[in-house]
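Following our numbering, the numbering of the sequence shown begins with 7 at its first residue and continues without gaps. Backbone N, C-alpha and C define an ideal beta-carbon position, used for all residues, glycine too. Reading through the structure tokens given below for one structure.
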Amino acid sequence: MRDLHDGLGGQLVSIVALSERNTEGGRIGEAARAALKDLRLVIDSMDDIGGDLMLALGSWRDRAAAQLRPHDIALDWRAAPPGLPVYPELRPWHVIQIIRILDEAVTNAVKHAGAKHVAVSIETQKDIDAEHGCITVTDDGKGFSIAGEYRPASRGLRNMRNRAARCGAALELSSGAGGTTVRLQLPRRFPEGDAAG
């Protein structure tokens, strides 16, 4: 419900405001497309995927490619077999947190980085006694200072960290002149409740 309010609700308010001005036809269409994208995200995240996060990531891949295409940014997708482990405890609210993190990484590459390529790699990492997934999003943009992450304008980066913590995941950010890397280390087991709470 919070995600419907924060995402779709705000976008619909924008659409209404733009339509009432009736001078922003192109922006109305853009706002409507963003609202539809967000609605699809919320609906897709509610699907029962049987703990197979790869199913949700496949849908996200299509949306990310569509977001990057108008900006002439290429998407390089690499999923090392077998992809990610199956997480029987995975719930829709975990899925939406993960997808929102990935969305923010791609949005940052479009809006701030001036990137020409975005690479997504997915793999299962094996420890001595368990497996866990890792999803990495890398862009070849101009990068930014990680020290600036805590400025008020860096709300998106803080939200990414908070969403990761809620899922029991770890978020690693690195950035420099060659681009930015967002690495999401998934937990061995997703928490039943909000792990940040």
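Could you give the C-beta distance for residue i and residue j, rounded to a whole number, given that I count them as a contact under 8 Å?
i      : j      : result
Arg194 : Ala136 : 4 Å
Trp66  : Leu96  : Going by Cβ atoms, the distance from Trp66 to Leu96 rounds to 15 Å, so no, they are not a contact pair.
Gly182 : Asn114 : So it is not a contact: roughly 15 Å between Cβ atoms.
Val48  : Ile102 : 7 Å
Pro88  : Thr130 : 6 Å
Lys122 : Ile79  : 6 Å
Suppose contacts are defined by Cβ-Cβ distances below 7 Å. Is residue i in contact with residue j by that definition?
i      : j      : result
Leu81  : Val116 : no
Ala170 : Leu179 : no
Ile141 : Leu190 : yes
Pro91  : Gly139 : yes
Ile128 : Ala85  : yes
Gly185 : Asp145 : yes
Among the residues of its own chain, which have a CB less than 7 Å from the CB of residue i, if the five just before and after it don't count?
i      : result
Ala111 : Val143, Val188
Gly120 : Gly147, Lys148
Pro98  : Ser51, Met52
Trp83  : Arg67, Val126
Arg106 : Arg169
His77  : Val116
Within 10 Å of its beta-carbon, does residue i have 16 or more other beta-carbons around it, so buried, or fewer, so exposed?
i      : result
Ala72  : exposed
Ala159 : Caution is warranted here: a pLDDT of 48 is assigned to Ala159, below 50, making its placement in the model unreliable, and no coordinate value can be reported.
His204 : There is simply no residue 204 to check, as the chain begins at 7 and stops at 203 in what is shown.
Ile55  : buried
Leu192 : buried
Leu63  : buried
Only counting the same chain, and skipping five residues up and downstream in sequence, which positions put a Cβ closer than 6 Å to that of residue i?
i      : result
Asp58  : Val92
Phe150 : Ser181
Kindly list the residues whose CB is nearer than 8 Å to the CB of residue i, restricted to its own chain and excluding five residues on each side of it in sequence; keep chain order.
i      : result
Ala70  : Leu81, Leu108, Asp109, Val112, Val124, Val126
Cys173 : His100, Gln103, Ile104, Leu192, Pro193, Phe196, Pro197, Ala201
Taking the runs of the beta strand (DSSP E) that are 3 residues or longer, which of them lie wholly in the stretch 43-119?
-> Contiguous beta strand (DSSP E) elements confined to the stretch 43-119 occur at 80-85, taking only those with 3 or more residues.
Would you mind listing the beta strand (DSSP E) stretches within the stretch 121-184 that are 3+ residues and don't spill past its ends, in chain order?
-> Unbroken beta strand (DSSP E) stretches of 3 residues or longer found wholly inside the stretch 121-184: 123-132, 137-145, 176-182, given in chain order.
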